[in-house]
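Going by the numbering used here, the letters in the sequence shown line up with residues 6 to 880, in that order. Structure first, commentary second.
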Amino acid sequence: MTRRSQLTGGFPIGYRLCCHRRVAGVIETARELYRRAVDASCVGHTDEALRLTKQGIALLDSAEPESGEAKSEWLRARIRLACLLTMETLDETAIEDLRPLIASLPNSLVRAELNGLVDHDHGVMFSSAGRFREAVPYYSSAIARKEECLSGTDEPRMLTESLINSLWTRGWAHMQLGLVEQSRDDFNRALLLSDELGLRSKGANARHGLGGVELRLGNVPAALRWFEDAQAGYYGMGLGMLSLLRVDQAQAMLIAGLADEAGRHLDEVLGAMRAEQVESTFLAEAELFRAAAALHEGEYELANEMAASAGQRMKRRGCEPCTMIAALIGLRIDAESAFRTGTIHASLPTRALRLADKLDRTRFVDYAALARILAARLELHRGRLAKAAALLEASPRPGRLTSTDYRMARRLCRAEVAVAEGNTSKGLAEIRIGLGELDQVRDRMGGLELGSGTALYGRELADLAVRLVIDGADARRLFSWLERTRAQTYRYEPVPGAADQRLAEVSEQNRTLHLSRFEGCPTAAVQTRWLARQRETNRLGLHAGRWGKPRPVAGLGEVIGQLRGRALVSFASSEETLVAVVVVDDKVTMVRLGSTAVAAERARMLNVDINALAPDGLPGTIAQVVAISARKQADLLDAQLMRPLQSLIGDRDIVVVPTGALYAVPWGALPSFHSRPTVVAPSATAWLAADQAQTRRGRTVLVRGPGLPAAVGEIDKLAAHHQTAKLMSDGDATIATVLKALDGAKLAHIAAHGAHEPENALFSRLELADGALFAHEMAGVRRPPQHVVLAACELALNRIRPGDEALGFASALLASGSQTVVAPLSRVGDQASAAAMDDYHRRLAAGVKPAVALADAIAVDPLRRPFVCLGSGHS
């Protein structure tokens with residue numbers, strides 16, 4: 006093959022111009038094609054970059070001058086294009102063939118510039134193979150050469166753009182090597198140069214990189230803010246880099262423990278990437294993270310499929326370290342299956358150790374360490390304690406940049422080894438330390454969604470602790486451990502203040518689209534825009550929350566002192582066995598309650614029946630049949646959960662701390678709870694904080710949203726119970742006026758349609774006259790209302806994450822400082838809701854406490870009034 010065919014990649018040369026007077030024009034056109042190809046490459050449009058590069062080479066080859074200055078400029082332009090071509094095709098031989106051509110050029114600055122391009126290409130090749138340590142010197146050489154040329158170049162803008170590219174790629178390589186400060190310096194300098202020249206896409210790349218640095222440091226909110234800034238710069242530039250950014254957003258969600266959100270996010274991204282035929286490397290990276298999300302969620306078949314596909318793509322690309330990461334995910338999937346079944350073949354820990362050795366050779370030390378910890382746990386579960394202990398002893402101590410995943414896996418292994426050695430106290434001590442480390446991670450998260458997600462990483466630690474303590478049958482110790490391991494989000498003090506401005510702006514755009522959607526706009530475009538904006542607000546909301554310093558976990562003595570004649574029942578589950586810790590006066594008792602799965606199914610069936618009973622106009626015969634079924638399920642659930650506790654609690658008021666599926670129980674429907682004042686709280690710590698909070702004087706606000714015929718009379722009736730109440734309905738019930746009225750209110754009753762947003766509880770919403778009022782807006786007022794009633798929608802604790810982290814509109818209010826929230830757990834008819842609320846407010850106006858008033862109101866028709874009192878119930 007001739008040198009020219011090597012430089013063109015073997016593509017045919019087009020037409021040839023013989024007229025020398027047109028050479029200058031050809032060279033200038035080729036330069037412009039090069040600029041456009043570089044821009045396309047920088048935003049991930051590989052096919053477009055290759056097309057423009059080949060077009061430029063073909064054009065130059067059609068007008069090659071024989072000698073003189075024109076020959077030098079022609080060769081300079083051609084080598085630039087050849088460098089770009091070899092970078093895209095990763096042809097190392099072709100890169101080296103450029104060096105002699107560069108040496109033949111007379112101008113030293115031009116030689117330095119072009120050698121800088123070749124050095125950059127070498128760095129890209131090493132990075133593409135995962136050999137980042139070898140890539141960095143080439144990037145550094147490229148940067149030095151380009152800086153040398155800047156003062157004397159005739160094309161400073163083009164050369165500065167090239168310098169920015171090398172700074173960005175070196176920053177990325179530094180980040181892969183854990184050199185975060187060097188990485189931050191590179192990205193900051195790239196950002197400064199990009200902003201000075203107004204280079205939008207390169208500025209977006211630099212912001213993207215800075216988000217990656219924060220992610221490596223574990224600062225997820227800061228990373229997400231940088232990613233949002235980068236996303237604004239990427240819009241309108243196609244899918245390439247935007248797809249990569251979205252993959253990194255998903256990685257941030259995974260680091261925060263939001264595996265379900267990350268999975269949904271990646272499903273959306275992967276669909277778009279496949280439709281647009283995005284570069285296979287980007288697609289493989291997205292598949293790897295989708296596999297990791299599926300693994301965390303227990304979707305092992307999907308995890309295997311994604312990891313295998315990513316591994317094949319990376320293998321074709323020649324990136325051996327990337328294929329090993331895919332292999333590590335596959336190993337984790339097989340290990341989880343082995344742990345579940347209890348059948349662990351000898352080949353599995355051997356496979357883990359071999360993979361660890363390979364990862365070590367590629368300097369992926371964190372992944373190698375994780376593989377070795379996995380091998381240790383596998384050996385332990387095979388009964389080979391000595392081997393497991395030796396592997397654990399050899400595992401590296403976590404450092405500043407060590408992932409939460411490895412920290413928790415190593416701490417779990419230390420605890421399991423201690424227990425296997427017969428030292429339960431040491432095992433529990435290891436768990437306590439691990440949960441303390443997790444607290445430090447949670448403290449950096451800064452908001453409800455991110456903070457609640459971190460519990461995923463402590464799930465196995467918490468499960469082991471609870472199992473060990475239940476086996477020991479020490480009720481007081483179990484109470485303390487339950488408080489230490491569940492609903493940690495609610496330990497944080499609320500911080501009043503203004504909402505994030507960007508969040509407010511995006512929410513306003515969402516609101517406008519939302520209104521258009523519900524006003525019957527006929528175009529599909531409005532629906533598409535609304536869904537896209539909804540996803541954007543969900544992602545933005547992940548870093549928009551805020552909270553203050555953590556409160557200490559409630560001590561048993563404090564809880565006993567605050568109960569004042571009430572009983573507290575805290576449920577827990579371990580290895581499919583349900584237990585309750587009952588606190589009455591100064592006595593603490595643990596009671597075993599049978600199968601967790603049976604209780605969960607009965608709760609589900611009860612909710613199905615109550616939902617079926619909800620419609621106001623249900624025919625009598627159907628209502629009778631469904632009511633019989635509902636009463637049966639309620640009786641069965643009551644027999645399992647409460648009758649074994651009856652001798653302990655007597656007729657006391659109850660504080661219930663549910664677990665898992667028990668959050669869905671409408672407690673007032675159970676016979677033992679008829680007319681019994683009951684409060685539901687995510688933890689005793691959360692209940693104590695709400696119950697001890699000072700009450701204040703304030704206004705009563707009554708709000709009626711649109712589309713609720715029964716609420717027209719309801720609000721008027723409620724106003725009769727509260728003579729000084731502020732009524733807001735029809736056009737008066739706008740978002741701005743309602744928020745203003747809620748600030749500092751003592752009691753707020755809102756009858757409005759609403760919906761829980763499963764991707765982000767902060768974006769659960771209520772429909773008012775001019776659009777959606779989001780939970781983050783209501784919770785973000787300076788003085789949240791003390792007592793909130795959500796009368797017409799299922800917005801209680803709608804979703805439970807690992808660690809019994811309850812999410813929903815009500816949870817956002819409780820976490821932000823509201824003391825009592827009353828809301829239905831299941832569907833409720835408009836007429837039934839209006840009647841229940843009339844009874845409830847009549848009792849409130851008579852001076853009765855919320856929990857007592859609600860118990861009386863529910864008792865009239867327990868199956869059609871599935872309301873719960875959340876938080877305190879005392880004010």
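C-beta: ideal position from N, C-alpha, C; glycine also. Values in this document were obtained by computation on a predicted structure and should not be read as measured data.
When Leu184, Asp696 and Ser769 are compared, the shortest CA-CA separation from valine 660 is found for Asp696. DSSP, read as helix, strand or coil, puts lysine 592 in strand. In this structure the segment 607-615 does not lie against the segment 562-569, because fewer than three pairs of beta carbons, one per stretch, are closer than 8 Å. A Cβ-Cβ contact shorter than 8 Å links valine 474 with arginine 482. When secondary structure is reduced to three states using DSSP, threonine 825 falls in the strand class. The DSSP-derived three-state label of methionine 842 is helix. For glycine 439, the secondary structure class from DSSP, reduced to helix, strand or coil, is helix. Rounded to the nearest angstrom, the gap between the Cα atoms of leucine 65 and asparagine 170 is 25 Å.
Secondary structure note for glutamate 281: it is in no beta strand (DSSP E), and the uninterrupted alpha helix (DSSP H) holding it is 264-281. Straight across, the Cα-Cα distance linking alanine 864 with alanine 559 is about 32 Å.
DSSP, reduced to helix, strand and coil, places arginine 869 outside both helices and strands of the structure shown, so it counts as coil. Residue range 113-133 is occupied by the alpha helix (DSSP H) that includes glutamate 118. Taking a C-beta distance under 8 Å as the contact criterion, histidine 754 and glycine 712 do not qualify as a contact pair. Contact check for lysine 751 against arginine 702 passes: the beta carbons are separated by less than 8 Å. When DSSP states are grouped into helix, strand and coil, leucine 752 belongs to the strand group.
Sequence-distant Cβ neighbours of alanine 698 in its own chain, meaning closer than 6 Å and more than five residues away, are Gln824. Lysine 592 sits exposed, since fewer than 16 C-beta atoms from the chains shown fall within 10 Å of its C-beta.
For arginine 368, the CB contacts under 7 Å within the same chain, skipping 5 residues up- and downstream, are Arg138 in chain order. Cβ-Cβ distances below 8 Å link serine 600 to Glu581, Thr582 and Leu583 in the same chain, with the five nearest sequence neighbours on each side left out; the list follows chain order. Between aspartate 590 and the set Ser575, Arg571 and Leu55, the nearest pair of CA atoms involves Arg571. Taking the CA atoms as reference points, threonine 429 sits about 14 Å from isoleucine 438. Setting aside the 5 residues that flank it on each side, valine 587 is surrounded in the same chain by Val574, Thr594, Leu650 and Leu653, each with a C-beta closer than 6 Å to its C-beta; the list follows chain order. Boundaries of the alpha helix (DSSP H) around valine 225: 225-239. Linking proline 403 to arginine 412 through their CA atoms gives a straight-line distance of about 6 Å. Relative to glutamate 304, the option among Arg636, Gly335 and Pro105 whose CA is nearest is Gly335. A residue is called buried once 16 or more other Cβ atoms fall within 10 Å of its Cβ, and arginine 415 is buried on that count.
Relative to alanine 87, the option among Lys59, Glu442 and Ala68 whose CA is nearest is Lys59. Between histidine 270 and methionine 278, the C-beta spacing is not below 8 Å. Beta-bridge partners of leucine 795 (DSSP): Ile755. Taking a cut-off of 8 Å for Cβ pairs, the segment 836-853 and the segment 815-822 do not touch, as fewer than three such pairs fall below it.
If you look at isoleucine 740, you'll find it in the alpha helix (DSSP H) that goes 740-747. C-alpha of glycine 128 to C-alpha of glutamate 101: approximately 13 Å in a straight line. Assigned with DSSP and collapsed to three states, isoleucine 349 falls in coil, not helix or strand. DSSP, reduced to helix, strand and coil, places threonine 367 outside both helices and strands of the structure shown, so it counts as coil. By the neighbour-count criterion, in which a residue is buried when 16 or more other Cβ atoms sit within 10 angstroms of its Cβ, threonine 328 is buried. For arginine 491, the closest C-alpha among the options Ala478, Asp476, Asp479 and Leu466 is that of Leu466.
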